[in-house]
Amino acid sequence: MIALPLLLDLAGDIPLPVRIEKLTPFFSPKPGTELRVAEEAPRKRFDDGKKSIDPLSQQGFIEVQAPKKSCLIVQRDDHSKDIRVCRGAKKRIPFQVHDIDDFGRIYMQVYSSDQDLGTVLYWSTPYRRAQVVDETMEWPGPGRVSYTKSCSFTSNKKERKISIDTFEGFRWQISLPEIDSPSKPDFDRYQLNSDGTETKLEGPEKKVEEPAPSKEAEGDTAKAPPSAKKIKMVKRWKTNWYSTYDLAGKAIYSDLASTASDKGKCRYGYHNDTSEKDIGIIECTSVANLKWFFVPITCLKPQMNPNL
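The sequence shown lines up with residues 106 to 413 when you count with our numbering.
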């Protein structure tokens with residue numbers, strides 16, 4: 106067992122690696138290691154009398170023990186009350202699934218005194234935040250958050266399959282083709298009109314004329330030579346075409362419904378470009394009774410890409 110210091114004060118200009126090293130013995134599991142959800146959240150009674158739980162409120166814990174002669178102050182987020190642990194006391198600090206960020210991490214800001222500017226500690230998890238737009242929502246538009254709980258990959262000579270389970274109890278199954286089909290650039294084009302409106306262009310050659318100017322606008326401005334048309338390009342996909350491969354919607358199955366007859370489209374990649382380069386990603390429209398979803402695939406890795 107490691108003997109903890111009697112006193113800890115990190116006030117002043119101390120390099121971050123040194124601060125983390127000095128704080129690490131006071132936390133279990135250690136910062137930088139992997140956490141998992143350990144317990145379900147308490148069941149709550151709703152208006153209909155039934156008891157249920159929010160799957161995203163399932164909990165795990167981090168234990169902190171204070172130095173014998175000083176305190177540690179832990180801040181989980183801007184909206185939570187600070188947790189003060191003093192004089193050798195121990196405290197279990199809970200975290201919930203919905204506290205996990207886009208990179209699967211849990212963060213805490215820790216202070217050793219009122220003069221300490223604080224140190225950010227983080228723990229990783231095997232879970233990832235997904236984004237979903239279901240049938241009750243408008244699209245394009247904001248969606249809801251879902252979290253992946255587990256991910257498995259199986260492969261044989263002719264078939265590669267991915268199975269993703271979520272905390273809500275859903276399962277998405279993805280069947281990858283034998284040969285990957287690279288995505289192509291795919292944008293929507295809009296003409297920016299002088300009155301501030303935008304007109305969508307349906308083809309590379311199609312030209313759209315602006316509305317004729319009103320009589321009040323006629324005069325010197327009406328005689329001025331027309332200016333060049335301004336075009337705005339808007340990405341149709343959140344993923345980038347140069348790091349993804351096309352997939353038919355019928356290759357996605359869910360326990361919500363069979364999607365064998367879907368006309369939806371998907372893009373998948375062996376890495377999540379720019380944000381997380383060590384795991385895969387999939388983005389789909391009109392599949393599995395969903396209008397759109399964007400899901401990190403933790404069991405698909407860049408080194409598994411057969412096209413390299």
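Glycine is no exception: its CB is placed at the ideal position from the N, C-alpha and C atoms. None of the values given here were measured: they were computed from a predicted structure.
Residue burial classification, proline 122 (beta-carbon count within 10 angstroms, cutoff 16): exposed
Three-state secondary structure assigned by DSSP to lysine 289: coil
Cα-Cα separation between valine 370 and valine 339, rounded to whole angstroms: At residue 370 the sequence reads lysine, which differs from the valine that was named. Roughly 18 Å separates the two Cα atoms.
Distance CB(tyrosine 212)-CB(tyrosine 232) smaller than 9 Å: no
Neighbourhood of phenylalanine 399 by C-beta distance below 7 Å, restricted to the same chain and skipping five residues each side: Ala235, Gln236, Lys343, Glu388
Through-space distance from proline 401 to leucine 413, alpha-carbon basis: 21 Å
Host beta strand (DSSP E) of arginine 141 (start-end): Per DSSP, arginine 141 belongs to no beta strand (DSSP E) and is neither H nor E.
Unbroken beta strand (DSSP E) run spanning valine 179, endpoints: 176-180
Inter-residue spacing [alpha-carbon to alpha-carbon] between arginine 141 and alanine 356: 30 Å
Burial state of isoleucine 158, where buried means 16 or more other Cβ atoms lie within 10 Å: exposed
Assumed close pair tyrosine 252, phenylalanine 272 - CB separation to whole angstroms, cut-off 8 Å: 5 Å
Exposure label - asparagine 261; buried when at least 16 CB within 10 Å: exposed
6 Å Cβ shell around proline 411 - same chain, five flanking residues per side excluded: none
Which of helix, strand or coil DSSP assigns to tyrosine 232: coil
Coil, strand or helix - methionine 242 by DSSP: coil
Environment of isoleucine 384 [buried if 16+ CB atoms lie within 10 Å]: buried
Isoleucine 198 beta carbon less than 9 Å from that of valine 225: no
Among Phe200, Asp221, Lys135, Asp187, the one whose alpha carbon lies nearest that of proline 120: Asp221
Threonine 259 burial status per 10 Å Cβ neighbour count (16 or more: buried): exposed
Range of the contiguous alpha helix (DSSP H) that encloses leucine 112: Leucine 112 -> no alpha helix (DSSP H), and no H or E assigned at all.
Identity of the residue in Lys266, Ser288, Pro136 nearest asparagine 345 by Cα: Ser288
Same chain only: Cβ atoms within 8 Å of glutamate 240, ignoring 5 sequence neighbours per side: Asn394, Leu395, Lys396
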